[in-house]
Amino acid sequence: MTETKNTSKKEEMLVVALAPHISSGESIPRVMWQVVAALVPAAAFSAWLFGPRVLLVMGVAVVSAVLAEACIQLLLKKRVTALDGSAAITGLLLAMNLPATAPLWMTTIGSFFAIIIAKQLFGGLGFNIFNPALAARAFLMASWPIEMTARWPRFSETNALSPVVKNIAGFPPAVYDALTQATPLGIIKEGPKILADNNIGLSGLWDMIFSRDMLGALFTGNVGGCLGETSVLLLLAGGVFLLARKIITWHVPLFFIGTFTAAVAAYYYFSGFPAPHLMVAYNLLSGGLFLGAFFMATDMVTSPVSAKGMMLFGAGCGLITFVIRIWGGYPEGVSYSILIMNAFVPLIDRYIKPKVFGTTKKIKGGAV
Amino acid sequence: MFSRFEGGIHPPEHKKVTEESAFINLPIPHSCCIPLQQHIGAPAMAAVKAGDIVTEGQLIGTAQGFISANVHSSIPGKVVDIAPVLTASGMQQSVIIEAEGSFSASAMPQEVSDWTLLSEDEIRERIRNAGIVGLGGAAFPTAVKLSPPKEKPIDTLIVNGAECEPYLTIDGMLMKSFPDAIIEGTRIALKALSVQKAIIGVEDNKKGAIAALKKSLEQAGAGNISITKLKTRYPQGAEKQMIYALLRRQVPSGGLPMDAGVIVQNAGTVYAIREAVVHGMPLFSRYITVSGGAIRRPGNYKVRIGTRIRDIVEECGGFSQEPARIVMGGPMCGLGVYSMDIPVVKGTSGLLFLTQKEVSGGDYSPCIRCGKCVSVCPAGLLPFALGNAAEKNRMDLARELNPNDCIMCGSCSYVCPARRPLSHFIKITKQRISAKR
Numbered sequence: 001m002t003e004t005k006n007t008s009k010k011e012e013m014l015v016v017a018l019a020p021h022i023s024s025g026e027s028i029p030r031v032m033w034q035v036v037a038a039l040v041p042a043a044a045f046s047a048w049l050f051g052p053r054v055l056l057v058m059g060v061a062v063v064s065a066v067l068a069e070a071c072i073q074l075l076l077k078k079r080v081t082a083l084d085g086s087a088a089i090t091g092l093l094l095a096m097n098l099p100a101t102a103p104l105w106m107t108t109i110g111s112f113f114a115i116i117i118a119k120q121l122f123g124g125l126g127f128n129i130f131n132p133a134l135a136a137r138a139f140l141m142a143s144w145p146i147e148m149t150a151r152w153p154r155f156s157e158t159n160a161l162s163p164v165v166k167n168i169a170g171f172p173p174a175v176y177d178a179l180t181q182a183t184p185l186g187i188i189k190e191g192p193k194i195l196a197d198n199n200i201g202l203s204g205l206w207d208m209i210f211s212r213d214m215l216g217a218l219f220t221g222n223v224g225g226c227l228g229e230t231s232v233l234l235l236l237a238g239g240v241f242l243l244a245r246k247i248i249t250w251h252v253p254l255f256f257i258g259t260f261t262a263a264v265a266a267y268y269y270f271s272g273f274p275a276p277h278l279m280v281a282y283n284l285l286s287g288g289l290f291l292g293a294f295f296m297a298t299d300m301v302t303s304p305v306s307a308k309g310m311m312l313f314g315a316g317c318g319l320i321t322f323v324i325r326i327w328g329g330y331p332e333g334v335s336y337s338i339l340i341m342n343a344f345v346p347l348i349d350r351y352i353k354p355k356v357f358g359t360t361k362k363i364k365g366g367a368v
Numbered sequence: 369m370f371s372r373f374e375g376g377i378h379p380p381e382h383k384k385v386t387e388e389s390a391f392i393n394l395p396i397p398h399s400c401c402i403p404l405q406q407h408i409g410a411p412a413m414a415a416v417k418a419g420d421i422v423t424e425g426q427l428i429g430t431a432q433g434f435i436s437a438n439v440h441s442s443i444p445g446k447v448v449d450i451a452p453v454l455t456a457s458g459m460q461q462s463v464i465i466e467a468e469g470s471f472s473a474s475a476m477p478q479e480v481s482d483w484t485l486l487s488e489d490e491i492r493e494r495i496r497n498a499g500i501v502g503l504g505g506a507a508f509p510t511a512v513k514l515s516p517p518k519e520k521p522i523d524t525l526i527v528n529g530a531e532c533e534p535y536l537t538i539d540g541m542l543m544k545s546f547p548d549a550i551i552e553g554t555r556i557a558l559k560a561l562s563v564q565k566a567i568i569g570v571e572d573n574k575k576g577a578i579a580a581l582k583k584s585l586e587q588a589g590a591g592n593i594s595i596t597k598l599k600t601r602y603p604q605g606a607e608k609q610m611i612y613a614l615l616r617r618q619v620p621s622g623g624l625p626m627d628a629g630v631i632v633q634n635a636g637t638v639y640a641i642r643e644a645v646v647h648g649m650p651l652f653s654r655y656i657t658v659s660g661g662a663i664r665r666p667g668n669y670k671v672r673i674g675t676r677i678r679d680i681v682e683e684c685g686g687f688s689q690e691p692a693r694i695v696m697g698g699p700m701c702g703l704g705v706y707s708m709d710i711p712v713v714k715g716t717s718g719l720l721f722l723t724q725k726e727v728s729g730g731d732y733s734p735c736i737r738c739g740k741c742v743s744v745c746p747a748g749l750l751p752f753a754l755g756n757a758a759e760k761n762r763m764d765l766a767r768e769l770n771p772n773d774c775i776m777c778g779s780c781s782y783v784c785p786a787r788r789p790l791s792h793f794i795k796i797t798k799q800r801i802s803a804k805r
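Respectively, the protein sequence lines represent chains A and B. Here the first sequence stands for residues 1 to 368, where the numbers follow our numbering. Here the second sequence stands for residues 369 to 805, where the numbers follow our numbering.
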């Protein structure tokens, strides 16, 4: 009876645990690295658009984020999980929120701030209140505003916008230079002032903004802006990938983008702006809206856990983005809107909970 | 359109291995160990003593009180001892019988020709005498379930053929192989309850069972029994989820199915009811699925209650590789056991010999608040928050999170990317809270 002998030996190796005895096989590294993968197309496009220096900025951001995580975890005598992908995402997202001209020392400081201050000092993955990459971006904006905003790269010669901008209304070189140094949202905010200073009528500006070339360029991403935010198309592709892999749900992105669109549409419609639908399209496609809605507002740690909570959170982000873009001092409001809503997450989770089964007041079919 | 409930998961089914395996009778074991408590309620009192000669199907434990169940000998032989023995639910007083003698007294002691002539009370009496309990796993005495109090009017009987647990295929095989018996058992239960309507709910991954039942119903004339196809999803077989999927009724929090006007019986139980009422057959054997990557001959087997795991493994060809975990029941709700001497009891629906690859495990990390547990929880709870509270032993916080509405389906633990043992945490919470009361 060798079988019996074998089984009694095996018995010693049996593990007793409470049910369930199987799991989906999902793990934190798997989730995190898939998010990184979803960001790769937009990041690669950015390198093509703004040149190879972008890869350097991204590389520095990612490596310093991972290093910072390993160092602080060693220092705090925690289990080192620097390679679980979460630090890499933070680094990559931070880079994608920087201009291509961002100095490397600033990028490094940003990554260290994100990981050490915004993440690990709050307790590490799962405990941070604010999205680390966005907290770091806000920190850099406050510390080095010139480096963060005033040095947008000019549109390259191959850029779709160069001929557009050149051909419209025969802008003099100074105006042309000024306009090409702004981001699409910057053009809306500062364009009228630049033109007024040069005694040029506004119609040329609107013609340029609303040209088919301009909207097309915005969609594919052939415009100025932060590294990762320009290509709506590729960000959307990454977002769809995350949705298909069930890493994010539709609630936050839909309510973020939907609320923002509705608010912008209502504003331009009621303020009697000519062609409000074009303005909505322009606003929707420019800036960091898609990067924010699909990759940053959906951050698991800093967004609500229930479906209803996510919808409210997304709607809040959309509304605050709208307010900042229309009335605020900055041309862009996505990152601040997410940070502000991050602060409300504990409150949302406290008051918005799923309905406990069997507590619905009116029981359908009421046999009781 | 399929009926379904809210939340839930769809783990890999692993049913292909055994879903076409016809039932095989396992040989009589040399020795059986039959616990006196295999059911919810009071343990039965031993009706035999060491040295007694018993026949197959003889009463060896008498039900004590209303919520209790009789226990019968599963083999003919000699009682060698009555002693506490390790079972899947801890040490239990058990009757140990060694096989000897003939099988003359076996088979069908008192066959009746027509159960329709029996009164409701007589039907219940037969079910009680036969020691029938819920065979889906909970093992609640069936006669008690069929005697709802007058103030809870019942309008529907649900026959639970969901078998939503991965690996298990006995209910599907029963419905496919003996559809007439399932239908007749349903009619008997309907009569015992004096209820007019029965629904048999079957998940759509059991097409053979659905076809067989439909054909049987057509031949017999459907009458007041219908079959509903459910979209395969775990935990559909949980009573409250099943009722919601079929009738859109919510059993009130803290209540029982009868509070929603429903009684739910597992398909295997309905089969056993028929065996008891029509053939006078006590519950001393049952069908189980033996499966998992480590067993050489997986299949659906008829085994005697009290057969030890070791004997079943031997009959199933032994192990093809080392099992990392042995589970009694399904992989989502079943009990992990650490001894091969543990006996199969009435509530054992399966024996799984899982390999290291198949089982979950390893270290868990802090919650990353992904919300997956919230979206899958069929009870509408916040499993992550319950887990966090239990981890910090903050029962004050846990109490606010309705831990007692948890049905212990394990869906939260299953999906957690941080591999947190959430349902384990919730179980601890429930125990701590009830201990304080």
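Each residue gets a CB set at the ideal place from its N, CA and C atoms; glycine is no exception.
- [ ] Please decide whether residue 96(A) counts as near chain B, where near means a Cβ-Cβ distance under 8 Å.
- [x] As a first step, residue 96(A) must be located in the first sequence, where it is residue number 96. With 8 Å as the cut-off, residue 96(A) does not count as an interface residue toward chain B.
Residues of chain B with CB closer than 8 Å to the CB of residue 389(A), please, in chain order. Nothing in the structure corresponds to residue 389(A), since chain A is present only between 1 and 368.
Report task. Using a Cβ cut-off of 8 Å (strictly closer), state whether residue 134(A) contacts chain B. Result -> Residue mapping note: residue 134(A) aligns to position 134 of the first sequence, counting from 1. Chain B contact via Cβ: absent.
*Beta carbon of residue 655(B) nearer than 8 Å to that of residue 542(B)*: Translated into positions along the second sequence, residue 655(B) becomes position 287. Translated into positions along the second sequence, residue 542(B) becomes position 174. Cβ atoms of residue 655(B) and residue 542(B): closer than 8 Å.
Original post:
For residue 773(B) and chain A, any beta-carbon pair shorter than 8 Å?
Top reply: As a working mapping, residue 773(B) is identified with position 405 in the second sequence. Cβ-Cβ to chain A under 8 Å: yes for residue 773(B).
Residue 357(A) CB to nearest chain B CB: under 8 Å?
Translated into positions along the first sequence, residue 357(A) becomes position 357. For residue 357(A), the answer is yes, since a Cβ of chain B falls inside 8 Å of its Cβ.
- Members of the region 435–455 of chain B near chain A, C-beta cut-off 8 Å: none
- What is the DSSP secondary structure of residue 541(B), reduced to helix, strand or coil? Within the second sequence, numbered from 1, the residue matching residue 541(B) stands at position 173. Three-state result, residue 541(B): helix.
* **residue 610(B): contacting residues in chain A (beta-carbon distance under 7 Å)** => As a working mapping, residue 610(B) is identified with position 242 in the second sequence. Per Cβ cutoff of 7 Å: no residues; residue 610(B) is ~13 Å from chain A at best.
Check: According to the neighbour-count rule (16 or more other Cβ atoms, all chains shown, within 10 Å of its Cβ), is residue 387(B) buried or exposed?
Finding: Translated into the one-based positions of the second sequence, residue 387(B) becomes position 19. Buried, since its Cβ has 16 or more Cβ neighbours within 10 Å.
Handout entry: Contact set between residue 700(B) and chain A, taken where Cβ atoms lie within less than 9 Å
Key = For the purposes of this step, residue 700(B) is taken as residue 332 along the second sequence, with counting starting at 1. Result: 19, 20, 21 and 22.
- Item | Pairwise C-alpha distance: residue 566(B) and residue 523(B) | Counted from its first residue, the second sequence places residue 523(B) at position 155. Counted from its first residue, the second sequence places residue 566(B) at position 198. Roughly 9 Å separates the two Cα atoms.
- Would you mind telling me which residues of chain B sit closer than 7 Å to residue 353(A), beta carbon to beta carbon, in chain order? Counting from one through the first sequence, the residue named residue 353(A) turns up at place 353. By Cβ distance, chain B contributes 750.
Contact with chain B by residue 295(A), beta-carbon distance below 8 Å: If you number the first sequence from 1, residue 295(A) lands on position 295. For residue 295(A), the answer is no, since every Cβ of chain B falls outside 8 Å of its Cβ.
Taking only three categories from DSSP, how would you classify residue 776(B)? Your numbering for residue 776(B) matches position 408 in the second sequence. Three-state result, residue 776(B): coil.
- If you run the structure through DSSP and keep just helix, strand and coil, what is residue 669(B)? Numbered from 1 along the second sequence, position 301 holds the residue referred to as residue 669(B). If DSSP states are grouped into helix, strand and coil, residue 669(B) belongs with the strands.
Is the CB of residue 72(A) under 8 Å away from at least one CB in chain B? Position 72 of the first sequence, counted from the first residue, corresponds to residue 72(A). So no, residue 72(A) is outside the interface.
Interface flag, residue 312(A) vs chain B, CB-CB below 8 Å | Counting from one through the first sequence, the residue named residue 312(A) turns up at place 312. So, not an interface residue.
Would you tell me roughly how many angstroms separate the C-alpha atoms of residue 90(A) and residue 230(A), rounded to the nearest one? As a position in the first sequence, residue 90(A) is number 90, starting the count at 1. As a position in the first sequence, residue 230(A) is number 230, starting the count at 1. Between residue 90(A) and residue 230(A), the C-alpha separation is close to 18 Å.
*List the residues of chain B whose Cβ lies closer than 7 Å to the Cβ of residue 26(A), in chain order.*
Your numbering for residue 26(A) matches position 26 in the first sequence. Under the 7 Å cutoff, chain B gives 783 and 785.
Using a threshold of 8 Å, state whether the C-beta atoms of residue 715(B) and residue 503(B) are closer than that.
In the second sequence, residue 715(B) corresponds to position 347, counting from 1. In the second sequence, residue 503(B) corresponds to position 135, counting from 1. Yes, these two residues count as a Cβ contact at 8 Å.
Practice prompt. Report all residues from its chain with a CB closer than 7 Å to the CB of residue 378(B); omit the five preceding and five following residues, and keep chain order.
Written response: By 1-based counting over the second sequence, the position of residue 378(B) is 10. Closer than 7 Å at Cβ, skipping near neighbours: 600, 601 and 602.
- Query: According to DSSP, is residue 553(B) helix, strand or coil?
  - Reply: Taking the second sequence and counting its residues from 1, one reaches residue 553(B) at position 185. Reduced to three states, the DSSP call for residue 553(B) is helix.
Which residues in the same chain have their Cβ closer than 8 Å to the Cβ of residue 797(B), if we skip the five residues on either side of it in sequence? Counting from 1 along the second sequence, the entry for residue 797(B) is found at position 429. Counting only Cβ-Cβ distances below 8 Å, and skipping sequence neighbours, we find 754, 757, 758, 763, 766 and 771.
Three-state secondary structure (DSSP) at residue 719(B)? Along the second sequence, one-based indexing puts residue 719(B) at 351. Three-state result, residue 719(B): strand.
**Message:** Residues of the region 614–644 of chain B in Cβ contact with chain A at a cutoff of 9 Å, in chain order, please.
**Reply:** 615, 616, 617, 618, 619, 620, 621, 622, 623, 627, 628, 629 and 630
Can you find a C-beta in chain A that's less than 8 Å from the C-beta of residue 393(B)? Position 25 of the second sequence, counted from the first residue, corresponds to residue 393(B). Not one chain A Cβ lies under 8 Å of residue 393(B).
Practice prompt. Would you mind sorting residue 403(B) into buried or exposed? The rule is 16 or more other CB atoms within 10 Å of its CB.
Written response: Here the question's residue 403(B) lines up with position 35 in the second sequence. So residue 403(B) ends up on the buried side.
* Per DSSP, residue 410(B) is paired with what? -> Taking the first residue of the second sequence as 1, we reach residue 410(B) at position 42. For residue 410(B), which the question treats as bridged, DSSP gives the partners 436(B).
(Q) So residue 370(A) contacts chain B; which residues on that side make the cut at Cβ distance below 9 Å? (A) As displayed, chain A neither begins before 1 nor continues past 368, which places residue 370(A) out of reach and without an answer.
If you check the beta carbons only, do residue 697(B) and residue 20(A) fall under 8 Å apart?
As a working mapping, residue 697(B) is identified with position 329 in the second sequence. As a working mapping, residue 20(A) is identified with position 20 in the first sequence. Not in contact: residue 697(B) and residue 20(A) (Cβ atoms no closer than 8 Å).
Inset, instruction - Using the DSSP secondary-structure output, state which residues sit across from residue 569(B) in a beta bridge. - result: Counting from 1 along the second sequence, the entry for residue 569(B) is found at position 201. According to DSSP, residue 569(B) bridges with 528(B) and 596(B).
Practice problem: Give the straight-line distance between the Cα atoms of residue 538(B) and residue 464(B), rounded to the nearest whole angstrom. | Solution: Numbered from its first residue, the second sequence carries residue 538(B) at position 170. Numbered from its first residue, the second sequence carries residue 464(B) at position 96. Using only the alpha carbons, I get a separation of about 27 Å.
- Message: Under DSSP, the alpha helix (DSSP H) around residue 631(B) begins and ends at which residues?
- Response: On the second sequence, residue 631(B) is found 263 positions in, with the first residue counted as 1. Looking at the DSSP string, residue 631(B) is not in any alpha helix (DSSP H); the run it does join, the beta strand (DSSP E), is 630–634.
Please list, in chain order, all residues of the same chain as residue 795(B) whose beta carbon is under 7 Å from its beta carbon, the five residues on each side excluded.
Along the second sequence, one-based indexing puts residue 795(B) at 427. Same-chain partners within the cutoff: 776.
Practice prompt. Give the residues from the region 117–128 of chain A that approach chain B closer than 9 Å (Cβ to any Cβ), ordered along the chain.
Written response: 123, 124, 125, 126 and 127
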